[in-house]
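Number of protein chains: 2
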Amino acid sequence: MTDEPPLFERAALIGLGLIGSSLAWAMKRDGVAREIVGYARSPETRATALRLGFLDAACETAAEAARGADLVVLCVPVGAMAAVAAEIGPGVSPGAIVTDVGSVKAHVIAAVTPHLPEGAAFVPAHPLAGTEHSGPESGFAELFDGRWCILTPPHAAPRRAVERVRALWERCGAQVDEMTPERHDLVLAVTSHAPHLIAYTMVGVADDMRRVTSSEVIKYSAAGFRDFTRIAASDPTMWRDVFLTNKDATLEILGRFTEELFALQRAIRTGDGQHLHDYFTRTRAIRRGILQAGQDTAAPDFGRPHPSAEKP
Amino acid sequence: MTDEPPLFERAALIGLGLIGSSLAWAMKRDGVAREIVGYARSPETRATALRLGFLDAACETAAEAARGADLVVLCVPVGAMAAVAAEIGPGVSPGAIVTDVGSVKAHVIAAVTPHLPEGAAFVPAHPLAGTEHSGPESGFAELFDGRWCILTPPHAAPRRAVERVRALWERCGAQVDEMTPERHDLVLAVTSHAPHLIAYTMVGVADDMRRVTSSEVIKYSAAGFRDFTRIAASDPTMWRDVFLTNKDATLEILGRFTEELFALQRAIRTGDGQHLHDYFTRTRAIRRGILQAGQDTAAPDFGRPHPSAEKP
């Protein structure tokens, strides 16, 4: 895209799933690093990465990948961050920048920071992008285009390191924002973590309903349920770790959710139509805000493929 | 589309919102009725219908629209069905077919049947199609293309009338299924009514969160929350009526939902990662079923417009 020189000499990606492989493709697209090396626990994933061609080299250990790199990106599930940081820590160059892509930030900072050598800068990041697929074959260069990436730099992080991580993500197509880790974890609990748990729950309930065959649930899923299933198809390991490491904020939002749900259930049971109507009118406004902010399309079915899409 | 002769001489649409206006457009597209007349409570809606051209005539009362029609389609919110049926009942021709488009079926059958003259056939129907928009300007002929329409004919309905309503929907682009009203109301409670209430609740909670500004919720909505807001932007009157008239099935599903949600919350609180992982793995399978059944696309962001959509 740009003709700018590389930002980094040697970028090391630890973890080569959807995000790691997409980041490699996006960095290659824009020439962000002179060399991209990577590590994944499974030999099959490393072989796939080399076959697909998004890495210049695949290393046998995380420590080997990180050694000599001026950029290290941790792309493993949040629950694996501490172990990976402990493994690579001793070999990380003092001038290196270490960053991550985890969906939870306060926990990751606490897990990673103690293992890094003095002089290495940790700049946590969270790209808000994903698909329902996982693994090294699911990555693509455009995943981050137009998406947000939130940085949560600790006070100790040198400004120059923060700006280089910002430039990394901008050159990979993202828009970059900064906030504190605590605020990130609360905002994401509302916009992502609680909605995911709720979607997982609803899909589990539907699957459990022996009185309704799953073929009926699938056949008529376009009536609303379908949109929950996409969310509930996300990577189980990643999401287990998100809930366990952003426990307090997630439980707080879920507590409020349950309160509201009970109030609405009570309105249904007692036939309080006014309460329901008022509530449903209020929620329309937030939708309009999302459309105005360009964060979604108002086309029917999200603009999904439709048998006759010529109109309107 | 087809060159088949009209199925009906005079079709009367009572209610001219998203579904009523879309049905008019779809019937016109295929020449399903020789004449399409309609009624809406508001004079503005009637004027809009004539201006847009999806009606041959707009009537001043529902009774006048239904008089002399061989097909009457009730396209009003479920809670208004009884009053409309009482109004048109005396004027409905003995040989006429009356149908509806309500999202709840047992209640509508109980509300409408007593008001119809002997010899008129009531064949309840529910097209599973919609957008987040409402009103006469939001309709379009393709809304039902490739979507399901469920018929729930009472035993008393003559087979010939059922087949004509089936042909009506097939010529409007839908696939038609039949089941009992009770089964319909349970299946839809799982696939549509409970998911809608849950989405409304989550959007209400987000809107309420004083610690998170609504601009943040909107800005980062693509992380999961966005998909809830589309569902929660649906017509408040329609949905109020759905919950009040499919109370038992909806409350049953919500009860099971709450049970499961509490179990997952407890797993988060106690750090039971195995429970979470197992649950999230199970829900992936139902998603695969939906993709295999052609009921959704696996493209990132539901195939939404994306800054660089050339690939993959």
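Going down the list, the sequences are from chains A and B.
Going by the working numbering, the first residue of the first sequence is number 824, and it counts up by one from there.
Going by the working numbering, the first residue of the second sequence is number 824, and it counts up by one from there.
Glycine included, C-beta positions come from ideal geometry on N, C-alpha and C.
What you are looking at is a predicted structure, and each value in this text was computed from that prediction instead of being measured.
Here Ala-997 (chain B) is actually not in contact with Asn-1069 (chain B); their C-beta atoms are around 21 Å apart, not less than 8 Å. Within the region 986-1000 of chain B, those residues whose Cβ lies closer than 9 Å to any Cβ of chain A are, in chain order, Gly-996 and Asp-1000.
The alpha-carbon of Gly-914 (chain B) is positioned some 37 Å away from that of Thr-1014 (chain B).
For Arg-987 (chain B), the enclosing alpha helix (DSSP H) starts and ends at 982-994. According to the DSSP assignment, Phe-963 (chain B) belongs to no alpha helix (DSSP H), since it is labelled neither H nor E.
Contact with chain A is found for His-1019 (chain B), since one of that chain's Cβ atoms lies less than 9 Å from the residue's Cβ.
Taking C-beta atoms under 8 Å as the contact rule, Leu-878 (chain A) and Ala-885 (chain A) fail to qualify, at a distance of about 14 Å. DSSP places His-956 (chain B) in no alpha helix (DSSP H); its state is neither H nor E. Counting other Cβ atoms within 10 Å of its Cβ, Thr-1104 (chain A) stays below 16 and is therefore classed as exposed. If one requires a minimum length of 4 residues, the alpha helix (DSSP H) runs lying completely within the region 1012-1081 of chain A are 1017-1031, 1037-1042, 1048-1054 and 1059-1068, in chain order. The continuous beta strand (DSSP E) containing Arg-833 (chain A) extends over residues 831-837.
At least one CB atom of chain A sits nearer than 9 Å to the CB of Asp-1119 (chain B). The C-beta of Gly-1027 (chain B) comes closer than 9 Å to at least one C-beta of chain A.
Closest by C-alpha distance to Asp-893 (chain B), out of B:Leu-966, B:Arg-857, B:Ser-1057 and B:Arg-864, is B:Arg-857.
In the DSSP assignment, the residues bridged to Asp-923 (chain A) are A:Leu-897. With respect to chain B, the C-beta atom of Met-904 (chain A) has no partner C-beta closer than 9 Å. By the Cβ neighbour-count rule, Gln-1115 (chain B) is exposed, with fewer than 16 other Cβ atoms within 10 Å of its own. For Glu-1039 (chain B), the closest alpha carbon among the candidates A:His-1016, A:Ile-1054 and A:His-1007 is that of A:His-1007.
With 16 or more other Cβ atoms from the protein chains shown falling within 10 Å of its own Cβ, Gly-1047 (chain B) counts as buried. For Gln-1097 (chain B), the enclosing alpha helix (DSSP H) begins and ends at 1096-1115. Distances from the CA of Glu-960 (chain B) to each of B:Ser-845, B:Glu-827 and B:Ala-1086 were compared; the closest alpha carbon is that of B:Ser-845. Approximately 16 Å separates the beta-carbon atoms of Ile-932 (chain A) and Pro-981 (chain A); this is outside 8 Å, ruling out the contact. Comparing C-alpha distances from Asp-853 (chain A) to each of A:Ala-1056, A:Ala-1045, A:Leu-991 and A:Leu-1067 shows the shortest one belongs to A:Leu-991. At a cut-off of 9 Å, the C-beta of Ile-1091 (chain A) has a neighbouring C-beta in chain B. Close CB contacts of Trp-848 (chain B) within its chain, under the 7 Å cut and outside five residues either way in sequence, are with Phe-877, Gly-962, Phe-963 and Ala-964 (chain order). The CB of Lys-1070 (chain B) comes closer than 9 Å to the CB of Ile-1091, Arg-1092 and Gly-1094 in chain A, given here in chain order. For His-930 (chain A), the enclosing alpha helix (DSSP H) starts and ends at 929-935. With respect to the 9 Å criterion, Ala-952 (chain B) and Leu-974 (chain B) are not classified as neighbours on the basis of their beta carbons. According to the DSSP secondary-structure assignment, Asp-1000 (chain A) is paired through a beta bridge with A:Ile-973. For Val-946 (chain A), the enclosing beta strand (DSSP E) begins and ends at 944-946. By the criterion of at least three beta-carbon pairs nearer than 8 Å, the region 915-927 of chain B is not in contact with the region 1079-1096 of chain B. Under the DSSP assignment, Ala-909 (chain B) falls in the alpha helix (DSSP H) whose first and last residues are 904-911.
In the three-state scheme derived from DSSP, where H, G and I count as helix and E and B as strand, Val-1010 (chain A) is classed as helix. Secondary-structure assignment with DSSP links Val-860 (chain A) through a beta bridge to A:Ala-835 and A:Ala-880.
In chain order, Ala-1045 make up the part of chain B whose C-beta sits under 8 Å from the C-beta of Arg-970 (chain A). A residue is called buried once 16 or more other Cβ atoms fall within 10 Å of its Cβ, and Gly-1117 (chain B), having fewer, is exposed.
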